[in-house]
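For reference, the structure discussed in these notes is given below.
Number of protein chains: 2
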Amino acid sequence: MKPKLLIVEDDPNLGEILSEYLGLKGFETTLSRDGDEGGKTYKEGDFDLCILDLMMPKKDGFTLAKEIRAMDDNTPIIFLTAKSMKQDIIKGFTIGADDYMTKPFSMEELLVRIQAILKRSTKKEVEEFPNPFIIGALTYYYHENKLKTPAREINLTTKENELLRIFFENINQTVVRSVALNRIWKDDSYFNARSMDVYIAKVRKYIADDPSLKILTIHGEGFKLVQVK
Amino acid sequence: MKPKLLIVEDDPNLGEILSEYLGLKGFETTLSRDGDEGGKTYKEGDFDLCILDLMMPKKDGFTLAKEIRAMDDNTPIIFLTAKSMKQDIIKGFTIGADDYMTKPFSMEELLVRIQAILKRSTKKEVEEFPNPFIIGALTYYYHENKLKTPAREINLTTKENELLRIFFENINQTVVRSVALNRIWKDDSYFNARSMDVYIAKVRKYIADDPSLKILTIHGEGFKLVQVK
DNA sequence: TAGGTGTGTTAAAATTGGTTAAATAGGAAC
DNA sequence: GTTCCTATTTAACCAATTTTAACACACCTA
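In order, the protein sequence lines correspond to chains A and B.
The end of the first sequence is residue 229 by the numbering used here, with every number in the run present.
The end of the second sequence is residue 229 by the numbering used here, with every number in the run present.
Next up, the structure:
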C-alpha cells in the first residue's frame, strides 16, 4: 500500500508541485491550504507522514505540529520553511519533528529524506509494488524477476528487473538518468551510465513484444516509457 | 543505559569538541581518527548510532558507511561534511544514511537530530523466532534444526539451519550476502562466500519440496526468498 | 554544417555465482 | 590415540550476469 502523506502548505504553487511530485513517486498525497484545514484533514486520514510549512495563515506549523503530536506522538513530521534560524530548527525538533528543511530545497533531497524516515517509522509499509503488474499485453512480476509477454516468458536479471520496475513506476513520465543510476547502480558515474545504456537496449527489446509500448529517449535528461493506444 | 555513539572525524579539534559535547549530553562516545580505524572500532563496539565525516584519509565516509551497512543494515548513520552538493547528499541517503549535515553546523542542531533518529531507531530486539514456523507446505523448527516437507523430514546442520532462518525472517526481501556472512560466518571473506554458495545450493534443494518457494539470486547483492502464489 | 557531446549496438572481458567433488577439521566411539 | 563419521571448507570448472570497449549514429549549438 502507498504511504499516505499530508502536505500542509499555503503557497499554492509549491503545494501543487510537492503534491504532484510525491504522487508520482509512489505516495498518496493530500494537500491542505492552512493550519486549520491541515488539522482537520489529519484527524480524518490515517497518515504515515506529515510535511508542514511553518508560516501559514490561521495556524502556524509549530502549533499544528503540537496538535498532531497530541493526537499521535508517532507520525513523523517534516518542517519545510524559509526560516533557517537556529532557534527555530531546535524548536521544531523539540516539538517532535523528524526533519527540518529550509527553502529553497531540492525535491529529490526531500524524497530521500522522507524515505529515510519511513524506513525507521514503525508504521511503515514495505513499499509494495503491484504483483502482478499488468500493462498492455505484458504481465510483470517484480518479485519473481519475471515478465510475461504474448510471445514468451522472460526471466529477468537483477539489473533488468530493477530498471523495468522504475519504468513501470513512471509510465508516461521521464525517468531521469541520474535518478535511475543512483537507485540501481548506487552511483552516477560515466561507466555506470554506459552500463545502463546497454540495459536500456535489452529492456527495449523485451517491451517491444507489445507494440503499443515504447521507451523514448529524452536527450540529456533520461527516458520515458509511453503507451500509445 | 547511555546510547553509544561512534564518531569518525579526522579533524582533531572538531572530533574532540563533538565527543566532549555529546558526552556531556548523555551519550557514551567513541572517537576514531580515520575511516580504517572507524571500521575496526565499529566491529568491536555495539553502537547505537554513527557520525561519519565524509572526507577522511585512508577511507572516506561513504566507503566506511557501506562497510557498516554490510555488517548491519540497521545502525543509524549521520554524515557530517563540508560538501553540500546535491549529488553527494542523494548518494549519502542512497547508501542508507539517516541524516546529512553540512559544516559548519550547530552542535545543538546535531544533538536534536541525533535524538530524533534514536527516537525511531528500533531497539536490539530479542525477537523470538516462531517455533514452529510454517510457510507454504513447509514446517520449520529452528530450535530443533529440523525442516518438514510434504516429502520428508530433514535434519539440518548448523549452517543450513542458520541460513534457512535468515531466509524465513526475510521473505520477499533481499538477504544481503555480506550481512548473512557476518552473521553466520562472523566474517565476510572470499572463501566464506564460496562456502555460503555451497550452502545456498543445499538449502535451495530443501525448499524446492514446495514448488511455490524459490530463492532468487540478486546479482552482486544477495538472495531473496519468494513465495509465488 | 562542423564539432562536441550524448546515445545505440555489439562483442569481448571481467566479475560473480552454481555445481560437484575432494580435502580437511572436529567430535564421538572404540 | 586411532578410527569413523559428519560438517564444513577448499578447489576446480562451468555458467550467468555485468562491465568495459569500440565504433556508429543522433542531437544540439555555434
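For every residue, glycine included, the Cβ atom is placed at its ideal position computed from N, Cα and C.
In this text, all values refer to a predicted model and were calculated from it rather than measured experimentally.
task = Leaving aside the five residues before and after Asp-53(A) along the sequence, list all residues of the same chain whose C-beta is less than 7 Å from its C-beta, in chain order.
result = Around Asp-53(A): Val-8, Glu-9, Asp-10, Gly-61, Leu-80, Thr-81.
Neighbouring residues, chain B, relative to His-143(A) (Cβ below 9 Å)
By Cβ distance, chain B contributes Asn-172, Leu-216, Lys-224, Val-226, Gln-227, Val-228.
Any C-beta of chain A sitting closer than 9 Å to the C-beta of Ser-178(B)?
The beta-carbon of Ser-178(B) is placed no less than 9 Å from the nearest beta-carbon of chain A.
Would you tell me roughly how many angstroms separate the C-alpha atoms of Met-71(B) and Pro-150(A), rounded to the nearest one?
The alpha-carbon separation between Met-71(B) and Pro-150(A) amounts to approximately 43 Å.
Buried or exposed, going by whether 16 or more other CB atoms sit within 10 Å of the CB of His-219(A)? Of the other Cβ atoms in all chains shown, fewer than 16 fall within 10 Å of the Cβ of His-219(A); this residue is therefore exposed.
Check: When you compare only the Cα positions, how much space is there between Thr-217(A) and Pro-132(A)?
Finding: Distance from the CA of Thr-217(A) to the CA of Pro-132(A), rounded to the nearest whole angstrom, comes to 27 Å.
task = Output yes if chain B places a C-beta closer than 9 Å to the C-beta of Glu-108(A); else output no.
result = Judged by the 9 Å Cβ criterion, Glu-108(A) is in contact with chain B.
* To do: Could you check if Leu-147(B) is buried or exposed, using at least 16 other CB atoms within 10 Å of its CB as the buried criterion?
  => Under this definition Leu-147(B) is a buried residue.
Which whole-angstrom value describes the C-beta separation of Thr-232(B) and Gly-23(B), a residue pair presumed to lie in contact below a C-beta threshold of 8 Å?
Coverage of chain B is limited to positions 1 through 229, which leaves residue 232(B) absent and any answer about it impossible.
Counting only runs that start and end within the region 49 to 93 of chain A, where is the alpha helix (DSSP H) found for 4 or more residues in a row? Segments of the alpha helix (DSSP H) lying fully in the region 49 to 93 of chain A: 61 to 71.
Against chain A, does Lys-4(B) count as a neighbour if the rule is that its beta carbon must be under 9 Å from one of theirs?
No - not a single Cβ of chain A is within 9 Å of the one on Lys-4(B).
_Please report the distance separating the alpha-carbon of Leu-64(A) from that of Gly-38(A)._
Approximately 8 Å between the Cα atoms of the pair.
* Kindly list, in the order they appear in chain B, the residues whose Cβ is closer than 9 Å to that of Val-203(A). => Within chain B, not a single residue places a beta-carbon under 9 Å from that of Val-203(A); the smallest gap is close to 16 Å.
Q.
I'd like to know whether the C-beta atoms of Ala-97(B) and Ile-78(B) end up nearer to each other than 9 Å.
A. A contact, by the Cβ cut-off of 9 Å.
So which residues of chain A does Ile-184(B) contact, with C-beta pairs closer than 9 Å?
-> For a Cβ distance threshold of 9 Å, nothing in chain A lies close to Ile-184(B): the least Cβ distance comes to about 22 Å.
Could you give the distance in angstroms between the alpha-carbon of Glu-20(B) and the alpha-carbon of Met-1(B)? Rounded to the nearest angstrom, the two C-alpha atoms are 18 Å apart.
Where does Gln-288(A) fall in DSSP's three states?
Nothing can be reported for residue 288(A), as the shown portion of chain A is limited to 1 through 229.
**Request:** Check whether the Cβ atoms of Tyr-42(A) and Leu-14(A) sit closer than 9 Å, and answer yes or no.
**Result:** No Cβ-Cβ contact shorter than 9 Å links Tyr-42(A) with Leu-14(A).
Where Arg-120(A) meets chain B, residues with beta-carbon distance less than 8 Å
Listed by position along chain B, the residues whose Cβ is nearer than 8 Å to that of Arg-120(A) are Pro-76, Asp-98, Ile-117, Arg-120, Ser-121, Thr-122.
Discussion item. By the three-class DSSP mapping on this structure, what secondary structure does Leu-138(B) have?
Written reply: If DSSP states are grouped into helix, strand and coil, Leu-138(B) belongs with the strands.
Could you spell out the range, first to last residue, of the beta strand (DSSP E) harbouring Val-8(A)?
-> First-last of the beta strand (DSSP E) with Val-8(A): 4 to 8.
ask   = For Asn-161(B), does the count of other Cβ atoms within 10 angstroms reach 16, so buried, or fall short, so exposed?
value = Buried: at least 16 other Cβ atoms inside 10 Å.
Cα-Cα, which of Ser-212(A), Ile-200(A), Leu-181(A), Lys-202(A) is closest to Asn-192(A)? Looking from the CA of Asn-192(A), the closest CA among Ser-212(A), Ile-200(A), Leu-181(A), Lys-202(A) belongs to Leu-181(A).
Asp-46(B) by DSSP, collapsed to three states: which one? In the structure shown, Asp-46(B) sits in coil (DSSP, three-state: anything other than H, G, I, E or B).
### Query
Starting from Ser-195(A) and walking both ways along the beta strand (DSSP E), at which residues does that stretch end?
No beta strand (DSSP E) holds Ser-195(A); the alpha helix (DSSP H) holding it covers 190 to 207.
| task | Determine the DSSP secondary structure at Thr-158(A), reduced to helix, strand or coil. | result | In the structure shown, Thr-158(A) sits in a helix (DSSP, three-state: H, G or I).
> Helix, strand or coil: how does DSSP classify Asp-99(A) here?
Replying inline: It is a strand residue.
>> Can you look up Ser-212(B) in the DSSP assignment and give me helix, strand or coil?
In response: Ser-212(B): coil per DSSP, three-state reduction.
**Prompt:** Is the Cβ-Cβ distance between Ile-184(B) and Leu-163(B) less than 9 Å?
**Reply:** For the 9 Å CB-CB criterion, Ile-184(B) and Leu-163(B) form a contact.
Exercise for review: Could you please give me the residues that DSSP links to Ile-166(A) through a beta bridge?
Suggested key: Per DSSP, none; premise fails for Ile-166(A).
### Query
Going by beta carbon distance, what residues of the same chain come within less than 8 Å of Glu-221(A), once the five residues before and after it are set aside?
Exclusion of the five residues before and after Glu-221(A) leaves Thr-174, Val-176, Arg-177 as the residues of its chain whose Cβ lies within less than 8 Å of its Cβ.
**OP:** Please compile the residues from chain A whose C-beta is within a distance smaller than 8 Å of the C-beta of Glu-221(B).
**Re:** At a beta-carbon threshold of 8 Å, the residues of chain A lying near Glu-221(B) are Thr-158, ordered along the chain.
| task | For my contact list, Leu-49(B) and Ile-134(B) are in at a C-beta cut-off of 8 Å; report their separation, rounded to the angstrom. | result | Approximately 37 Å separates the beta-carbon atoms of Leu-49(B) and Ile-134(B); this is outside 8 Å, ruling out the contact.
Enumerate in chain order the residues of its own chain whose CB-to-CB distance from Lys-124(A) is below 6 Å, with the five nearest sequence positions on each side excluded.
Legend: pLDDT at Lys-124(A) = 46, less than 50; position of this residue unreliable, value from coordinates given subsequently. Leu-118, listed in sequence order.
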